[in-house]
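Position one of the sequence shown corresponds to residue 1224 (the numbering used here), numbered consecutively onward. Worksheet: one structure, shown below.
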Amino acid sequence: MTANDLAEIVSRASAGAKLIVVSNREPVVHERVEGGVTVLRPASGLVTAIEPIVRAVGGTWIAHGSGSADRVAADERGRVLLPPNDPKYTLQRVWLTRGEEDGYYYGLANTALWPLCHHVYVRPHFSRRDWETYRTVNRKFRDAVLEEAGEDPAIVFIQDYHLALLPRFIKEARPDIRVIQFWHIPWPNRETFRIFPYAEELLDGLLGNDLLAFHIKYYCRNFLGTVDRGIESRVDYEHFRAFRGGHPTYVRAFPISVDHAQIGRDAESPSVTQRIDGFRKELGENNGARLFVGADRIDYTKGIPERLRAFDVMLSCHPELRTKVTLVQLSAPSRTHIEAYRILNDNLDDLVDEINWRHQTDTWMPIRFLRAHHDYHAVLAAYRMAHVAVVTSLHDGMNLVAKEFVSSRTDGDGILILSKYTGAARELADALLVNPYDIDQMADAMYSAYLMPEAARRQRMEKMRAQVTKNNVYRWGARIFEETERTLSREVA
Ligand code: F6P
């Protein structure tokens, strides 16, 4: 499936309606730096997946303008044409006050819903004030959607857990607008969800959707179970849909993906080759070692301390590997205003020091912890240099680092160690699958990866590449829009 195939499918499914994509995170962030403005691509699976789709089909993408130079980089209505040198779509920025960002993004979305949905033993915190702010901000997004739609027919494609009330708000104002939502994180079972104090209103918001999609069927079942218990409605398990006030919301699983072919081309570009040289210089004496690479936002769901500890155990069990392996951890700071994230950052510094101190030699350092916002080409360079990529999330809806790594390895080599608690593990069965809570097992997997013969590495990589080629992000988008068309015609009939 190509970008053009998808564009055709979307144009047929939308039958002339305007396409409006809505997310909290924007595809590009303009930041003020000394002497000017710099443009960043955020470290976000959502952006990795959605940007190629919007680029292929056109339309408007409404998102929070969070960068310090976002206002100066946009026109007076908050609009930016993207990509700048060959515009294909419009980014419409929504402005939030600091208090709104605090209550809606740091508060309700990331201190309540994020830990609740991932349940990795970090306690969610609830606050009525945050909930009220979340509601206010969802209304702000609704106003932006309605303004963009004008009087015209429209299809609105909402992303993620920041905007759970938006579908209902849109339907109240414009019942004719088709509303689709993709929930990028897990949906927990109903026992876990029942502690959420504002469950009924949130579920009512989501049941404003015509189609609500998750990565895997397990989350769809959890969602239907939660609705069944949490709100007056009729759940039809056979057809995976829920009726509220007579209106059906279809619930479907579509595992998200990446633009596999484009990542492969980018990974072979001169800019990536340059970055590889840069990394080699930076690694200095470590240069000859086999690289284990991790690339994550610094988030407690990603299992970064567990990964570092497993590397530590491997080195303790196999001291002959000293100087022969290095773990390069690219870590993008994230949500640092939240206490749990600040604690994680501090703990990581201590842990890296402790492990390095234990094993280092005069010329070799076991772990290189590179905390920074690494741009796309730098991340691709690290993937290309990796003997092993290590993805050890404690729980992850999908994890696109795994798929990006596979896509970048046009050379056919490289091993993926992958947590079995990621959505990606269901498709990438040829990775070395691990339980990230079991440090010893992960250490064993790392050691097997170190020893794995080239023929076996290539065989596994070939199968994983075939899988991501087949289910690329355009196929993901096409399935969502085809399903929208199908369910709509069923309703009309
Ligand atoms: O799916 C969760 C998600 O929204 C992903 O798109 C992305 O990887 C991550 O969270 C980004 O977080 P944030 O937008 O808070 O930086």
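C-beta: ideal position from N, C-alpha, C; glycine also. As the structure is a prediction and not an experimental result, all values here were calculated from the model.
In DSSP terms, what residue i is bridged to
| i | result |
| --- | --- |
| Pro1471 | Phe1466 |
| Arg1545 | In DSSP, Arg1545 forms no bridge with anything. |
| Asp1293 | In DSSP, Asp1293 forms no bridge with anything. |
| Glu1254 | Thr1261 |
| Ile1640 | Val1613, Leu1655 |
| Val1402 | Val1379 |
| Gln1552 | Gly1517, Phe1592 |
| Val1244 | Trp1284, Phe1380 |
Environment of residue i [buried if 16+ CB atoms lie within 10 Å]
| i | result |
| --- | --- |
| Lys1394 | buried |
| Gln1404 | buried |
| Trp1406 | buried |
| Gly1322 | exposed |
| Arg1302 | exposed |
| Thr1449 | buried |
| Pro1478 | buried |
| Trp1580 | exposed |
| Gly1373 | exposed |
| Val1262 | exposed |
| Asp1375 | exposed |
| Arg1520 | buried |
| Gln1497 | exposed |
| Leu1674 | exposed |
| Val1170 | Within the shown structure, residues of the chain are numbered from 1224 to 1716, placing residue 1170 beyond reach of any answer. |
| Ala1654 | buried |
| Lys1504 | exposed |
Given residue i as reference, the closest of the options once Cα atoms are compared
| i | options | result |
| --- | --- | --- |
| Ser1456 | Asn1445, Gly1469, Arg1444, Pro1659 | Gly1469 |
| Thr1546 | Leu1538, Leu1553, Gln1552 | Leu1538 |
| Asp1489 | Glu1627, Asp1519, Pro1528 | Glu1627 |
| Asn1361 | Tyr1344, Trp1318, Gly1453, Pro1398 | Trp1318 |
| Ile1400 | Glu1685, Ala1377, Val1244 | Ala1377 |
| Gly1281 | Pro1310, Val1495, Gly1288, Ala1512 | Pro1310 |
| Gly1326 | Leu1314, Arg1352, Pro1347 | Arg1352 |
| Ile1590 | Asp1228, Asp1661, Asp1535, Tyr1421 | Asp1535 |
| Thr1586 | Ala1272, Ala1518, Gly1507, Glu1414 | Gly1507 |
| Lys1643 | Thr1615, Leu1304, Leu1623 | Thr1615 |
| Thr1645 | Val1624, Asn1412, Pro1493, Gly1453 | Val1624 |
| Arg1698 | Thr1356, Gly1428, Val1481 | Val1481 |
| Val1691 | Val1458, Leu1651, Val1256, Ile1381 | Leu1651 |
| Glu1461 | Arg1452, Leu1336, Ile1454, Tyr1473 | Tyr1473 |
| Leu1435 | Ile1454, Ala1422, Glu1414, Asp1383 | Asp1383 |
| Val1233 | Val1260, Lys1440, Val1379 | Val1379 |
| Asp1500 | Lys1686, Thr1559, Asp1228, Ala1601 | Ala1601 |
| Gly1635 | Gly1288, Arg1565, Ala1689 | Ala1689 |
| Gly1428 | Asp1569, Ala1297, Tyr1357 | Tyr1357 |
| Ala1297 | Glu1231, Ala1612, Arg1316, Tyr1312 | Arg1316 |
| Glu1491 | Ala1335, Lys1693, Thr1633 | Thr1633 |
| Pro1265 | Gly1258, Glu1274, Glu1257 | Glu1274 |
Sub-8 Å separation of residue i and residue j beta-carbons
| i | j | result |
| --- | --- | --- |
| Ala1286 | Ser1246 | yes |
| Ala1226 | Ala1279 | yes |
| His1385 | Gly1620 | no |
| Phe1592 | Leu1571 | yes |
| Gly1637 | Arg1594 | no |
| Ala1605 | Leu1553 | yes |
| His1610 | Leu1711 | no |
| Val1244 | Gly1290 | no |
| Asp1366 | Val1402 | no |
| Arg1248 | Val1277 | no |
| Gly1517 | Leu1550 | yes |
| Ala1668 | Val1657 | yes |
| Leu1304 | Trp1284 | no |
| His1341 | Pro1409 | yes |
| Glu1324 | Ala1292 | no |
| Gly1487 | Ser1267 | no |
| Val1343 | Thr1584 | no |
| Glu1529 | Pro1659 | yes |
| Leu1617 | Val1629 | no |
| Ala1387 | Leu1425 | yes |
| His1541 | Tyr1329 | no |
| Ala1533 | Ala1647 | no |
| Asp1598 | Ser1557 | no |
| Val1458 | Ala1512 | no |
| Leu1780 | Ala1678 | There is no way to answer for residue 1780, as the model of the chain reaches only from 1224 to 1716. |
For this session: Taking only runs that begin and end inside the stretch 1426-1513, name each unbroken beta strand (DSSP E) of 3 or more residues, in chain order.
Result: 1434-1437, 1457-1459, 1464-1467, 1470-1476
Problem set entry | 4-residue-minimum alpha helix (DSSP H) runs that sit fully inside the stretch 1561-1630, ordered along the chain | 1562-1582, 1599-1608
Exercise. What are the complete beta strand (DSSP E) segments, minimum 3 residues, inside the stretch 1645-1687?
Worked result: 1655-1657
Problem set entry | Entirely enclosed beta strand (DSSP E) segments - the stretch 1353-1383, minimum 3 residues | 1377-1382
For this session: Scan the stretch 1257-1318 and note each continuous alpha helix (DSSP H) run of 4 residues or more that stays entirely inside, going in chain order.
Result: 1268-1280, 1293-1296
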